[in-house]
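To start, the structure itself, in structure tokens.
2 protein chains.
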Amino acid sequence: MTIERYAGEPEFKPTSTDVLTAIRERRSIRKYTEEAISEEELNTILHAGLCAPTARNRRPFHFIVIKDRERLTTLAQGKIHARMLSSAACGLVICGDTALEERPEHFYADCFAATQNMLLAIHGLGLGGVWLGVTKDSEWYQLIRETLELPEQIEPAAVIAVGHPAEERPRPQTWEEDRIHYEKW
Amino acid sequence: MTIERYAGEPEFKPTSTDVLTAIRERRSIRKYTEEAISEEELNTILHAGLCAPTARNRRPFHFIVIKDRERLTTLAQGKIHARMLSSAACGLVICGDTALEERPEHFYADCFAATQNMLLAIHGLGLGGVWLGVTKDSEWYQLIRETLELPEQIEPAAVIAVGHPAEERPRPQTWEEDRIHYEKW
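Here the protein sequences come in this chain order: C and E. Using the numbering used here, read the first sequence as starting at 1 and increasing by one per residue. Using the numbering used here, read the second sequence as starting at 1001 and increasing by one per residue.
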């Protein structure tokens, strides 16, 4: 199928990384160089999120891009596992509109499919990223809400820290036969 | 980074589809030919699921592979949007162990990242698949639990129908500027 470009869409360039290799080799990258990420790279990542499947075509997802160092540091200081945000080129907050998708399992399906698409795009572009979970109603969740001035119906579901990788992580053994069942449990 | 093969791991062959193209062009495919999918293809899809990121390395995911026509038809008849399961080469039920991950948002993050990896792998292999949402405590959810004899702590999170595609669907316009926000809402 030919890749068309719709009006308004950002430019598209395929990478040299095959989809299965990207899935296998993507790792959580928490250390970054000081290099910025380009507008083009950022739009490619955001577009990957917008290509996610969505239950009943509700498309509840919204993405907030944070580059302001002070704002990134505020979010980094609110959770011990989010410290790398202060040195990331960019933070991406994956949110969903609960007025568009009210069922939590479908809301999360849409937001997390988008999150995984974005992480794979980040890896494909040669960048590094890490998925930071947002525990609902936690202090960090409240900090995100307040810092980003989220309206009541908008829920933060995940945060990605992204930058140029300053660490290399080989892929681990993930094949576990005991997780696979045939016909029934 | 070189692709190593760990002991016991299925063979790995990269595809010719770049990761960004796969993300852009993957569509929900609901019509299939009668051709079976090979053991090798199936293991590639399952491995993609097992490569998903997971909060705090809990790895709650379990996958149930269904090829038995009667069992597929039972599941297909339980939900109007799941009818294509009866003609799919295979059904994949993505489950999670709530004893390994008790928080719903993290449980869903892990299961749905795995689901999206599997859908992208399916597309990369030239196969077609569709994500069927499982609404918790619905009649279909109960039917899945009973049909697959799931233990109490194992929750079905999503179902994928997969087969050789008998329909082509061009990619839609998904770039929506109003879903992207900078610095705050």
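Every residue, glycine too, gets a C-beta built ideally from N, C-alpha and C.
Nearest-angstrom Cβ-Cβ length linking residue i and residue j, presumed shorter than 8 Å
i, j, result
"THR1017(E)", "ALA1166(E)", "About 20 Å; that fails the 8 Å criterion."
"ARG179(C)", "GLU25(C)", "With a Cβ gap of about 20 Å, ARG179(C) and GLU25(C) do not count as contacting."
"LEU1050(E)", "VAL1065(E)", "Not confirmed; about 13 Å, so no contact."
"ALA88(C)", "VAL162(C)", "6 Å"
"VAL1093(E)", "ILE1045(E)", "Contact doesn't hold; Cβ gap of about 13 Å is too wide."
"VAL159(C)", "ALA109(C)", "Incorrect: roughly 18 Å between the Cβ atoms, too far for contact."
"CYS90(C)", "ILE37(C)", "6 Å"
"HIS1123(E)", "ALA1055(E)", "Incorrect: roughly 26 Å between the Cβ atoms, too far for contact."
Host beta strand (DSSP E) of residue i (start-end)
i, result
"ASP1097(E)", "1090 to 1097"
"HIS181(C)", "180 to 182"
"GLY1008(E)", "Element bounds for GLY1008(E): n/a, residue is neither H nor E."
"ILE29(C)", "It is not in any beta strand (DSSP E) - ILE29(C) carries neither H nor E in the DSSP assignment."
"ILE66(C)", "61 to 66"
Assigned secondary structure, residue i (DSSP; H/G/I helix, E/B strand, else coil)
i, result
"LEU143(C)", "helix"
"LEU1085(E)", "helix"
"ARG1169(E)", "coil"
"ARG1058(E)", "coil"
"GLU1034(E)", "coil"
"GLU176(C)", "coil"
"LEU1148(E)", "helix"
Range covered by the alpha helix (DSSP H) that runs through residue i
i, result
"TYR1108(E)", "1104 to 1124"
"HIS1047(E)", "1039 to 1050"
"VAL1019(E)", "1019 to 1025"
Distance, residue j Cα to residue i Cα
i, j, result
"ALA1022(E)", "ILE23(C)", "11 Å"
"TYR141(C)", "ALA113(C)", "20 Å"
"ALA52(C)", "SER28(C)", "20 Å"
"GLU1035(E)", "ASP97(C)", "40 Å"
"GLY1128(E)", "GLU1039(E)", "16 Å"
"LEU120(C)", "VAL1019(E)", "7 Å"
"GLU152(C)", "THR1174(E)", "25 Å"
"ARG1010(E)", "GLU177(C)", "What sits at residue 1010(E) in the sequence shown is Pro, not Arg. Distance between the alpha carbons of PRO1010(E) and GLU177(C) is about 10 Å."
"LEU132(C)", "GLU1070(E)", "41 Å"
"THR147(C)", "LYS1136(E)", "32 Å"
"PRO14(C)", "GLU102(C)", "35 Å"
"GLY78(C)", "SER86(C)", "11 Å"
"VAL1134(E)", "MET1084(E)", "15 Å"
"PHE1012(E)", "ARG1005(E)", "8 Å"
"PRO1225(E)", "TRP1185(E)", "Within the shown structure, residues of chain E are numbered from 1001 to 1185, placing residue 1225(E) beyond reach of any answer."
"HIS47(C)", "CYS95(C)", "15 Å"
"ARG1059(E)", "LEU1100(E)", "7 Å"
"ASP1068(E)", "MET118(C)", "35 Å"
"GLY8(C)", "CYS1111(E)", "33 Å"
"HIS164(C)", "LEU1125(E)", "30 Å"
"ASN57(C)", "ARG30(C)", "33 Å"
"GLU1149(E)", "GLU183(C)", "10 Å"
"HIS62(C)", "SER1138(E)", "28 Å"
"LEU1072(E)", "ILE1080(E)", "14 Å"
"PRO1104(E)", "THR1115(E)", "16 Å"
"THR74(C)", "VAL130(C)", "18 Å"
Residue i Cβ short of 7 Å to the ligand GDP heavy atom set
i, result
"GLU1177(E)", "In the structure shown, the ligand GDP is absent, as is every other ligand, since no ligand is present at all."
Residue i - partner residues in DSSP beta bridges
i, result
"LEU72(C)", "Beta-bridge pairing links LEU72(C) to no other residue."
"ALA1161(E)", "GLY1091(E), VAL1130(E)"
"ILE154(C)", "ASP97(C)"
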